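Worksheet for the structure shown next.
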Amino acid sequence: MDCTLIEPSLLAFALGSAEADEAARVEQHLVDCKACLVAFLALKRHIERPGPIERPSPAARARLFAEVERRYGRSAGATLRRAFARPIPLYQGVAAACLAVLVASLLPEIGASIDPPRVSSGERVDTSRERPQNLDLF
Amino acid sequence: MESDEALVERVRGGDMRAFEALYERYEVRVFGFVVRMLKNRHDAEEVFHEAILKSLRADRATFAAGGYRAFLYTIARNLVLNRERSSARAERLLGGLPEAERPATPGAALEAKELALALDRAVARLPPSLQEVYELRSSGLSYEEIAGVLAIPLGTLKSRMNQLVKILREEVKPWTAP
């Protein structure tokens, strides 16, 4: 097939936008025509990797990694930050408040159960240590 | 090979090695797309940074339809458009800045390098709606993915692709004609 008939379709073929029959014609032609194949490969190479390879600078890369680590990393600091940043569901907040009220109401009873016993004069007796039997040493 | 979606889940679970793998998959392609659209490295780094972080915040349902790759390109493209609008406003205020011209190679022989240069110039001169189609296509996205990123029907995309091919073909004719 004449190259002049194939040339208009080369770019579309390289971009993958050629119609099926057009693509088939180009493909068949490229098998036999070195000049068109070279032109096609140059187009394809440029389309798939246009220009020099671009990457962010090492500093920009480091900043992004640090930010991702801060937000999602498994360090204790990151985990704590996420825990505090997360909003508490309503039911959990209510349950925590009820528990706090319950503990506060039980506290006086708990305190009473550990207070030392009172004698009739109202004075507290310290039972934590044994009293000496004889205080007269002389 | 682990899917992008699986890697994102692992990143959100705190796995930085998963992030490194995900980053390496998209660093060159997505950053390349952004820097070619914005033509400014500093802006491109900021946009790329923001696009990656935003893409990690989404859940599986958000990128279930087109996949993580198309979702990431969609975010990047939207951020590029926002940045372009801001800099267009700034340029109007500053009275416009001269565009840096790529120097032509005088008397150059017909080589693949000249074809690439011609294609570069032609792509840079395309209207933005066609340039982004070209850049997304050369980033390896399928037509369905590109249509998803641009939020246009496939038929509209094919029409833009035909326009794009017609324009570029004329520009590179000296290097492709037999």
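Protein sequences appear in the order of chains A and B.
This note's numbering puts the first residue of the first sequence at 1, with every later residue one more than the last.
This note's numbering puts the first residue of the second sequence at 139, with every later residue one more than the last.
For every residue, glycine included, the Cβ atom is placed at its ideal position computed from N, Cα and C.
The structure displayed is predicted, hence computed values, not measured ones.
Quick one: any contact between the segment 39–53 of chain A and the segment 62–72 of chain A, if contact means 3 or more CB pairs under 8 Å?
They do not touch, by the three-pair rule.
Can the beta-carbon of residue 221 of chain B be found closer than 9 Å to that of residue 57 of chain A?
No, the pair does not count as a contact, with Cβ atoms beyond the cut-off.
In this structure, does DSSP put residue 140 of chain B in helix, strand or coil?
It is coil, neither helix nor strand.
Taking the alpha helix (DSSP H) that residue 181 of chain B falls in, what are its first and last residues?
Segment 179–195, the alpha helix (DSSP H) holding residue 181 of chain B.
Using 9 Å as the threshold, is the C-beta distance between residue 261 of chain B and residue 274 of chain B below it?
No, they are not a contact pair.
Taking the alpha carbon of residue 61 of chain A as the reference point, which residue from B:215, B:161, B:266 has its own alpha carbon closest?
That would be B:161, whose Cα lies nearest to the Cα of residue 61 of chain A.
Leaving out five residues on either side along the sequence, give the residues of the same chain with a beta carbon under 8 Å from the beta carbon of residue 3 of chain A.
Correct list, in chain order: 29, 33, 35, 36.
Quick one: Cα of residue 166 of chain B to Cα of residue 291 of chain B, how far?
Approximately 28 Å, taken between the alpha carbons.
Tell me which residues share the same chain as residue 16 of chain A and place their Cβ nearer than 7 Å to its Cβ, disregarding the 5 neighbours each side in the sequence.
Once the five neighbours on either side are set aside, residue 16 of chain A has no close Cβ partner at all.
Assumed close pair residue 218 of chain B, residue 168 of chain B - CB separation to whole angstroms, cut-off 8 Å
With 8 Å as the limit, residue 218 of chain B and residue 168 of chain B do not qualify as a contact, their Cβ atoms being about 11 Å apart.
Tell me the rounded alpha-carbon separation between residue 196 of chain B and residue 157 of chain B.
About 15 Å.
For a contact defined as C-beta to C-beta under 7 Å, what are the partners of residue 162 of chain B on chain A?
Under the 7 Å cutoff, chain A gives no residues; its nearest Cβ is about 10 Å from residue 162 of chain B.
Does any residue of chain B have a CB that is nearer than 9 Å to the CB of residue 72 of chain A?
For residue 72 of chain A, the answer is yes, since a Cβ of chain B falls inside 9 Å of its Cβ.
Taking a Cβ distance cut-off of 8 Å, strictly less, list which residues of the segment 14–35 of chain A are near chain B, in chain order.
Cβ contacts with chain B come from 15, 16, 17, 35.
Residue 183 of chain B: contacting residues in chain A (beta-carbon distance under 8 Å):
Neighbourhood of residue 183 of chain B in chain A, by CB distance below 8 Å: 56, 57, 60, in chain order.
Are the CB atoms of residue 22 of chain A and residue 14 of chain A within a distance shorter than 9 Å?
Result no, Cβ atoms of residue 14 of chain A and residue 22 of chain A do not sit closer than 9 Å.
With a threshold of 16 other CB atoms inside 10 Å of the CB of residue 155 of chain B, please say whether the residue is buried or exposed.
A residue is called buried when at least 16 other Cβ atoms come within 10 angstroms of its Cβ; residue 155 of chain B does not meet this threshold and is exposed.
List the residues of chain A whose Cβ lies closer than 7 Å to the Cβ of residue 303 of chain B, in chain order.
For residue 303 of chain B, the chain A residues whose C-beta falls within less than 7 Å of its own C-beta are 11, 12, 15, 17, listed in chain order.
Only counting runs of 4 or more residues, tell me where the alpha helix (DSSP H) segments fall wholly within the segment 246–309 of chain B, in order along the chain.
The qualifying runs are 250–263, 266–276, 281–288.
What residues in the segment 265–277 of chain B bring their beta carbon closer than 7 Å to a beta carbon of chain A?
Residues 275, 276.
Is the Cβ of residue 145 of chain A closer than 9 Å to any Cβ of chain B?
One cannot answer for residue 145 of chain A here, as it falls past the ends of chain A, which runs 1 to 138.
Just to confirm my understanding: we take residue 295 of chain B, look at its own chain, exclude 5 residues before and 5 after, and list those with CB closer than 8 Å. What are they?
If the five residues before and after residue 295 of chain B are omitted, its C-beta is found closer than 8 Å to the C-beta atoms of 271, 281, 284, 285, 288, all from its own chain and listed in chain order.
May I ask which residues mark the beginning and end of the alpha helix (DSSP H) holding residue 45 of chain A?
In this chain, the alpha helix (DSSP H) harbouring residue 45 of chain A covers 34–48.
If you draw a straight line from the C-alpha of residue 145 of chain B to the C-alpha of residue 52 of chain A, how long is it?
The alpha-carbon atoms of residue 145 of chain B and residue 52 of chain A are separated by roughly 28 Å.
Give the interface partners of residue 149 of chain B over in chain D, defined as CB-CB distance under 8 Å, in chain order.
Of the chains in the structure shown, none is chain D; the protein chains are A and B.
What would DSSP say about residue 108 of chain A, mapped onto helix, strand or coil?
Residue 108 of chain A: helix per DSSP, three-state reduction.
Would you decide whether residue 90 of chain A is buried or exposed? Buried here means 16 or more other CB atoms lie within 10 Å of its CB.
Residue 90 of chain A is exposed by the Cβ-count criterion.
Could you spell out where the alpha helix (DSSP H) holding residue 391 of chain B opens and where it closes?
Given that chain B is displayed from residue 139 to residue 316, the structure contains no residue 391 of chain B and the question cannot be resolved.
C-beta contact flag for residue 177 of chain A and residue 26 of chain A at 9 Å:
Residue 177 of chain A is absent from the structure shown; chain A starts at 1 and stops at 138.
Would residue 8 of chain A count as contacting chain B if we go by Cβ distances under 9 Å?
True, the Cβ-Cβ gap to chain B drops below 9 Å.
Cβ-Cβ distance between residue 143 of chain B and residue 206 of chain B below 9 Å
In this structure, residue 206 of chain B lies closer than 9 Å to residue 143 of chain B by Cβ.
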